[in-house]
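Participant:
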Amino acid sequence: MKIQTKITLLFFCMSAIGLILLNASIFYFVSQFNFEDFFDRLDARVNLAAQTNIYPDKNSSAYEEVRARYLEKLEEEKDYIIKINPENNKFKKPLPLPQSFYKAILDNGRARYNEENHFYVGATFSTSFGKYIVIVAASDPYGFQELQELKRVLIISFVISLILTYIAGAVLSHYTIQPVRNITRRVKSIKANNLHSRLDELKGRDEMSELVSTFNNMLTRLETAFETQNNFISNASHELRTPLTIITSETELLLSGQQLDASTTHSVKTILSEAEKLQHILTSLLGLAQSGFDGKKQNWQQIRVDELVLNVADSVKKIDPNRVIDIDFSELPDDEAYLYTEGNVNLLQLAISNIVMNGCKYSNNQPVKIQARFRDNLIMVIVTDRGIGIPEKDQQHIFEPFFRASNTGKFEGYGIGLPLTLNIIRLHKGSIGIRSEVEKGTEIQIILPALNRIATSS
Ligand code: ADP
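In our numbering, the protein residues as written are 27 to 484.
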């Protein structure tokens, strides 16, 4: 769940609890006030009922008159006068009310009880004729109606407040999370090739500005580390290249000129082939440094896919002439305008030759097919071999630097070819697809955007 949603819900739940407590206490206190008021009215009537019924004297009629004149007749108002048996303190219950009510009257001398809007007040009175219980009962339909009305108003205002607090919560969380959203958007745009970018420092000294400056510091450290690594790789590759080129040209000279015996020729050819391999590794490392960290469109040019494939096949055969490469251009369009992509020719050649050389290597030099296609405004180069395949569980890792699948066993390798290839293809805004089955073979698709697009009518 997103933090914004969490804040909204938290705010909503806390407000809802607050509102419930507030409304419940309003309802409780108003109803208590209503009850107290009505009980007070009944209290006065209990005293008057006692005066008129159990203290019969000359004033009785005056009390009755006061009651009739000044005390409004309540709804269902009724008096009950009960004599208590002095021997056993028992009496006849006039109403089916709880025993606790009667007990409270006897124990405390006065008690109150209500069932919904029916109210009862009872009290004991002692006279020279004995002890009496006087109970006055009445109902309060108006007070009850008022409470029902209050309940309705409280429920409606509760629902409206809930809706308003949800909206307020959503607005609040939106504004609270906005700086985080901005940071995320900026961070997403920072890649290995624009590590020099920094987040805009925020004003103030709150947690967000601390986060931004921590992130900027981390980027500075990352950039330094990347640059150091990059410089090391490209310097080392450059430095090693010159002696290697000399070795290659000297051995070629040796092979072309003198009449060497068979075993010397074999040894010199091995030196040449290994030197070519080493040159390829160095080119890969240099390419990795360029493609992974630089990202500047160095030597960007229009590249014809068929020429690219033919060059790859040549360079692969140069390292080992025994390799068989079948080239299939049958699915390329006749119009050569659609054969072009844009990029760095050396890097693309390196990327594709890595895949082709893997195909040859992992199939023990069985024929490898390179097919070029133009489809949906994309240029595809598909390399298929009938080699050892890649186990399914390893397929997701083969683009990780230095990873080698579990079935590579006797095959030599370093695990840098495919990561480099992926870097290069991504640099060209392309993608790589893979389909492989163990002991059957592997098909790797390199997909690149075509320079010229066929306009599609919608
Ligand atoms: P390596 O130098 O080991 O070949 P790569 O980066 O070129 O390094 O390839 C990574 C791993 O992917 C290889 O070790 C291998 O396990 C697997 N792989 C790549 N291409 C193929 C292929 N055509 N057939 C079988 N396995 C392959």
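Ideal Cβ placement from N, Cα and C applies to all residues, glycine included.
It should be emphasised that the depicted structure is a prediction, and the values quoted were computed from it without experimental measurement.
Between the beta-carbon of isoleucine 108 and the beta-carbon of tyrosine 158, is there less than 8 Å?
Facilitator: Going by C-beta atoms, isoleucine 108 is nearer than 8 Å to tyrosine 158.
Participant: May I ask whether a heavy atom of the ligand ADP can be found less than 7 Å away from the beta carbon of alanine 339?
Facilitator: no
Participant: What's the C-alpha gap between lysine 436 and lysine 303?
Facilitator: If I take the Cα positions, the gap works out to 17 Å.
Participant: With distances taken between CB atoms, is the gap from valine 238 to leucine 228 smaller than 8 Å?
Facilitator: Yes, Cβ-Cβ distance for valine 238 and leucine 228 is below 8 Å.
Participant: What's the gap between the Cα of arginine 430 and the Cα of isoleucine 416?
Facilitator: 10 Å
Participant: Output the residue ranges of the beta strand (DSSP E) runs that lie fully inside the stretch 128-206 and measure 3 residues or longer, sorted by chain position.
Facilitator: Along the length of the stretch 128-206, whole beta strand (DSSP E) runs at least 3 residues long occupy 136-141, 144-153 and 156-165, reported in chain order.
Participant: Under 7 Å from any heavy atom of the ligand ADP, does the C-beta of aspartate 411 make it?
Facilitator: Result yes, Cβ under 7 Å from the ligand ADP.
Participant: So, helix, strand or coil for phenylalanine 319, using DSSP?
Facilitator: Note that phenylalanine 319 has pLDDT 48, beneath the 50 cutoff, so the model's placement of it is unreliable and no number is given.
Participant: If you draw a straight line from the C-alpha of arginine 26 to the C-alpha of asparagine 256, how long is it?
Facilitator: Nothing in the structure corresponds to residue 26, since the chain is present only between 27 and 484.
Participant: Taking the alpha-carbon positions, what's the arginine 247 to lysine 217 distance?
Facilitator: Within the model, the alpha-carbon separation for arginine 247 versus lysine 217 is close to 14 Å.
Participant: Can you tell me where the alpha helix (DSSP H) holding glutamate 233 begins and where it ends?
Facilitator: 233-283
Participant: Report whether the distance from the Cβ of alanine 377 to the nearest heavy atom of the ligand ADP is below 7 Å.
Facilitator: no
Participant: Report the CB separation of valine 331 from valine 409 in whole angstroms; it is logged as a contact under 8 Å.
Facilitator: The pair is not a contact, with the Cβ atoms about 13 Å apart (cut-off 8 Å).
Participant: Specify the secondary structure class of isoleucine 99 as computed by DSSP and reduced to three states.
Facilitator: In the sequence as displayed, the identity of residue 99 is lysine instead of isoleucine. Lysine 99: coil per DSSP, three-state reduction.
Participant: I want to check one thing, is the minimum distance from the CB of alanine 301 to the heavy atoms of the ligand ADP below 7 Å?
Facilitator: no
Participant: What did DSSP end up calling asparagine 60 once you bin it into helix, strand or coil?
Facilitator: Three-state result, asparagine 60: helix.
Participant: Any idea if aspartate 402 is buried or exposed, counting beta-carbon neighbours within 10 angstroms, 16 or more meaning buried?
Facilitator: exposed
Participant: With a threshold of 8 Å, are at least 3 pairs of Cβ atoms found where one atom belongs to the stretch 364-382 and the other to the stretch 445-463?
Facilitator: yes
Participant: Determine the direct distance from the alpha carbon of phenylalanine 38 to that of isoleucine 189, and round the result to whole angstroms.
Facilitator: 9 Å
Participant: Are threonine 268 and alanine 301 touching if we call contact CB-CB under 8 Å?
Facilitator: no
Participant: Whole angstroms is fine: what's the gap from aspartate 320's alpha carbon to phenylalanine 252's?
Facilitator: For aspartate 320, the predicted structure reports a pLDDT of 49, less than 50, and the residue's modelled location is therefore unreliable. A value from the coordinates is still provided. Approximately 10 Å, taken between the alpha carbons.
Participant: Comparing the C-beta of lysine 395 with each C-beta of chain B, is any distance below 8 Å?
Facilitator: Given the protein chain composition of this structure (a single chain), no chain B is represented.
Participant: What's the gap between the Cα of tyrosine 440 and the Cα of methionine 383?
Facilitator: 13 Å
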